[in-house]
Amino acid sequence: MIFSKINVIGPLFLGLFLVLSAAGPSQAAEKKAKAFNVPPVDALVDYFEEIVFGSDVDPKYKLKVITKWTEKLKISVRGKPSKAVIAALQKHIQAVLPLAGIGAKTVKKDANLQITFIPKGGKINLGKKSITVTGPGCSFFSQSKEGKIYLTQIIVNNIGGDDQISHCLLEEFTQSLGLPNDSDNLRPSVFSEKDKLQTLTLPDKILLSTLYHPRMMPGMKRKQALLVARDIIGDYRKGMVLMVQSIKGR
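The numbering of the sequence shown is our numbering, which starts it at 108 and goes up by one.
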């Protein structure tokens, strides 16, 4: 086993948001939120739509329904990542999964999420085609049915510094949970190719937690999902604004 078993109790981060949001933010809190670049609800909903239902690769890859994991992740790692990269991977998994309320464990076989590190000059097999690794980068491929993801493979080009690979892992792991698109429209963000982050931003956390809210059902169509997302994001943002007010000073 490459890293320890990961247990997720539930979306505690979101629970705090909901408790805070019950009172609603004051005008002073909203002003402070603007100063700290907390996006308005409309911007967050638009970003959710773009990340969940968009595709910067090809329109044919756009998701038509909400697609997410509904079962515990069984993770296996192949290849020869450095100890620093393994530590970063464990940190990312333990930081990201509580936002979705998903449990995870590492396995040696029968994985439903496989992370493969490919060395320079190695080949990635994609059906009848293969790609030779020549530079840094990551990608993922998922299979789903009726909006439920049941199998994912994350490919990591094991080239470059540990920090670069760590960022790549955070981005692809987060996207593989059902947030597949890239965008530069709300920065900084793990979904922007221009930002090389090691942690999710508050808007990133809201997007992931919105996707995994109990009201956001797998297979839900775009129009209905965006209506539901607006309600959820509105509540989460209130909590986030009050949290910023609390953390940054009264």
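Positions of the beta carbon are idealized from the N, C-alpha and C atoms, including for glycine.
Note that the coordinates shown come from a computational prediction; the quantities given were computed from them, not determined experimentally.
In the three-state scheme derived from DSSP, where H, G and I count as helix and E and B as strand, Leu196 is classed as helix.
For Ile339, the CB contacts under 6 Å within the same chain, skipping 5 residues up- and downstream, are Thr317, His320 in chain order. In this structure, DSSP gives Arg185 an extended state, which the three-state scheme calls strand.
Using a C-beta cut-off of 8 Å, the region 190 to 206 makes no contact with the region 145 to 164, since fewer than three inter-stretch Cβ pairs fall below that distance. Shortest Cα-Cα distance from Phe160 to any of Asp149, Val172, Leu151, Ala150 involves Val172. Proximity of the region 205 to 218 to the region 242 to 251 falls short of the contact definition, fewer than three beta-carbon pairs being nearer than 8 Å.
Within the same chain, Cβ atoms closer than 6 Å to the Cβ of Ala332 are found at Ile173, the five residues on either side in sequence being excluded. Annotation: the continuous alpha helix (DSSP H) that includes Ser316 extends over 309 to 318.
For Ala218, same chain residues with a beta-carbon under 8 Å away, outside a window of 5 residues either side, are Lys181, Ile182, Ser183 in chain order. Around the beta carbon of Pro166, fewer than 16 other beta carbons sit within 10 angstroms, so the residue counts as exposed. Per DSSP, the continuous beta strand (DSSP E) segment holding Phe247 begins and ends at 244 to 252. The residue from Gln221, Gly267, Phe247 with its alpha-carbon nearest to that of Lys227 is Gly267. Under the three-state reduction of DSSP, Leu333 is assigned to helix.
Assigned with DSSP and collapsed to three states, Gln221 falls in strand.
With 16 or more other CB atoms across the displayed protein chains lying within 10 angstroms of its CB, Arg344 is buried.
Note on Val297: 16 or more other CB atoms within 10 angstroms of its CB, so buried under the neighbour-count rule. DSSP places Gln271 in the uninterrupted alpha helix (DSSP H) bounded by 269 to 282.
Counting along the chain, Ile262 sits inside the beta strand (DSSP E) bounded by residues 255 to 264. An exposed status is given to Pro147, since fewer than 16 other beta-carbon atoms sit within 10 Å of its beta-carbon. As the crow flies, the alpha-carbon of Lys301 is around 10 Å from that of Asp289.
Cα atoms of Lys328 and Glu253: separation of roughly 11 Å, rounded to the nearest angstrom. By the beta-carbon neighbour count (other beta carbons within 10 angstroms, threshold 16), Asp342 is buried.
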